[in-house]
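These notes are about the structure you will find just below.
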Ligand SMILES: [Zn+2]
């Protein structure tokens, strides 16, 4: 039995619009994935250190040295809209 | 009902590294918009972030200065949210294991010191800057938004206090103390007006004497210590009013409006689960070994609290010691004044009093003024030798600060040196007595209030340059 999820909420967080049909499909599909994750969580992991990264390495740093940035005209030419050196976007509020 | 405020402060500190947190773009706020950007800080597909070693050193330094434990191993998380100043649609931050945790600082208000616990200090990246264009210039009526990503990816340290703060004045003192420590570390220019250090307050209230926390409101947009204090004060009263009338507090973010002196509701705060934090797969864990930690600890400068304690040991009062120790410019001037031979408390009084007031009035940094430690010592010496009255000394200091020369030179140039030659004072007194024999006879006969008349006459004869106390003594000696 797939885990119930609030698919409309997930879609809203991702700022994507889904049809009723898509909501139903994705709810079922994501539910199956969560169900699988729930089963993985049943494995006995006592005494196993959590892994956040597959590589057994730490501290891949760069020194604090400035490297050349991109050419602004080239950057802005890739954007849908720009003006006076700025990217131009619709007015944004956090809650749509 | 009596209400007790419960306040926590979140502070964002921009680090003054040469390059950004995860890419080699320059950290330079003077640059033309969008000239310090690259695939990594623009969030272009396939770009890989690589952490700046110096930023990790500096957050460790900050943690040590706030008495934090340093995590042997910490990691980065993605904090997911949509906002146009964040080109990746997530911010690289830290979640369950920050670099620094469980520290404290001592904060003093009106001579009373409290220990405020620091929950954590974590490493993250700053956002870009938005300009909201519209008729009123306000976000709610903007017609378009212009974006500059030069700031996106600048190393940012967030320092989160526990909810240990109990008044607006204490919130301000915590913020000020924190700023002086960060500035002393030399890891940030820590300027509120430029946004390189930013304060948000979480405010709730509960009936005095109870334990359970009330609903908290996050207050943002305070860009001075004064506005932080005003905003917290306002918020405490606003919540008390609502609760007193039987209402409930909404958990929300509110914006401080400096002009109106009120907070406005911004938007309902997303619960932390909505940020869908997950471990940043592009970044390896950070390991701060004991060896590295000790190397960093060895670079810690003398911190303001220790410096203030040392000044108090020299006999400086607590308030002046704290003011001196909290400012690099005042500290430097104080040390050089001592080196030039000025008595500690006298130098402290001048520097925290007249000199600080002048600096505020003239809007000139003390470090950029003409004043030197040698000047302070010379001025103190002239007052001690009775060559300057305290009023004249203030005047002299003003001329020195204005760049007219050293105290002896300007005191002479402005004719402010007191007559300190007892022979000259005695002959001035005798001259006045000779000109006013009747009054002198009455004074000698016990009409003591006439002493003021004689002192005044001597001051007139000497052009105001006599020390009134010395004159009084001489007149009394003539009465016999
Ligand atoms: Zn970059």
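Residue numbers (our numbering), protein chains in the order written: chain V, 6 to 101; chain G, 228 to 707.
All C-beta atoms in this analysis are idealised placements derived from N, C-alpha and C, irrespective of residue type, glycine included.
Where residue i falls: helix, strand or coil (DSSP)
i                      : result
residue 41 of chain V  : helix
residue 241 of chain G : strand
residue 274 of chain G : coil
residue 499 of chain G : Confidence at residue 499 of chain G is low in this model, with a pLDDT of 48, below 50, so its placement is unreliable and no value can be given for it.
residue 695 of chain G : helix
residue 454 of chain G : helix
residue 370 of chain G : strand
residue 87 of chain V  : strand
residue 584 of chain G : helix
residue 79 of chain V  : helix
residue 296 of chain G : strand
residue 72 of chain V  : coil
residue 672 of chain G : coil
residue 415 of chain G : coil
residue 236 of chain G : strand
residue 707 of chain G : coil
residue 465 of chain G : helix
residue 54 of chain V  : coil
Cβ-heavy atom distance, residue i to ligand 1, below 7 Å
i                      : result
residue 267 of chain G : yes
residue 381 of chain G : no
residue 247 of chain G : yes
residue 327 of chain G : no
residue 252 of chain G : yes
residue 547 of chain G : no
residue 71 of chain V  : no
residue 277 of chain G : no
residue 80 of chain V  : no
residue 74 of chain V  : yes
residue 430 of chain G : no
residue 240 of chain G : no
residue 444 of chain G : no
residue 324 of chain G : no
residue 264 of chain G : yes
For residue i, the first and last residue of its enclosing beta strand (DSSP E)
i                      : result
residue 432 of chain G : 424–434
residue 93 of chain V  : 91–94
residue 482 of chain G : 480–484
residue 188 of chain G : Given that chain G is displayed from residue 228 to residue 707, the structure contains no residue 188 of chain G and the question cannot be resolved.
residue 412 of chain G : First-last for residue 412 of chain G: 395–412, but that is the alpha helix (DSSP H), not the beta strand (DSSP E).
residue 228 of chain G : Unbroken run through residue 228 of chain G: none, as it is neither H nor E.
residue 386 of chain G : 382–388
residue 305 of chain G : 304–307
residue 445 of chain G : 444–449
Neighbouring residues, chain G, relative to residue i (Cβ below 8 Å)
i                      : result
residue 23 of chain V  : By Cβ distance, chain G contributes nothing, its closest Cβ being about 16 Å from residue 23 of chain V, past 8 Å.
residue 112 of chain V : Examination of residue 112 of chain V is not possible in this model, given that chain V is present from 6 through 101 alone.
residue 70 of chain V  : 245, 246 and 251
Bounding residues of the alpha helix (DSSP H) (the contiguous stretch that carries residue i)
i                      : result
residue 291 of chain G : 280–292
residue 14 of chain V  : 12–18
residue 521 of chain G : 517–524
Chain-ordered neighbours of residue i on chain V, where CB pairs are closer than 9 Å
i                      : result
residue 501 of chain G : 14 and 18
residue 302 of chain G : 57 and 58
Under 9 Å by beta carbon: chain B residues contacting residue i
i                     : result
residue 50 of chain V : Within the model displayed, chain B is absent; protein chains V and G are what it includes.
Interface partners of residue i on chain V, CB under 7 Å
i                      : result
residue 297 of chain G : Neighbours of residue 297 of chain G on chain V: none; closest Cβ ~14 Å, over 7 Å.
residue 425 of chain G : Ordered by position in chain V, no residue passes the 7 Å Cβ test against residue 425 of chain G, which lies about 18 Å from the chain.
residue 378 of chain G : Those within 7 Å of residue 378 of chain G in chain V number zero; the least Cβ separation is about 13 Å.
residue 413 of chain G : What residue 413 of chain G touches in chain V: nothing, since even the nearest Cβ is about 14 Å away.
residue 351 of chain G : Those do not exist, as residue 351 of chain G stays about 16 Å from chain V at its closest Cβ, beyond 7 Å.
residue 370 of chain G : 96
Chain-ordered neighbours of residue i on chain G, where CB pairs are closer than 7 Å
i                     : result
residue 90 of chain V : 259, 260 and 261
Interface partners of residue i on chain G, CB under 9 Å
i                     : result
residue 39 of chain V : Within chain G, no residue comes near residue 39 of chain V; the closest Cβ sits about 13 Å away, beyond 9 Å.
residue 35 of chain V : Correct list: empty, because the minimum Cβ distance to chain G is about 13 Å.
Partners in chain V for residue i, counting only beta-carbon separations shorter than 8 Å
i                      : result
residue 383 of chain G : Result: empty, since nearest Cβ-Cβ is about 15 Å, beyond 8 Å.
Kindly provide the ranges of any beta strand (DSSP E) runs that are 3 or more residues long and lie completely inside the region 316–355 of chain G, ordered along the chain.
317–320, 327–336 and 339–352
Which runs of the beta strand (DSSP E) fall wholly inside the region 595–670 of chain G and span at least 3 residues, in chain order?
none
Pick out the complete alpha helix (DSSP H) segments inside the region 526–594 of chain G, 4 residues or longer, and give them in chain order.
531–540, 545–552, 555–566, 571–577 and 583–589
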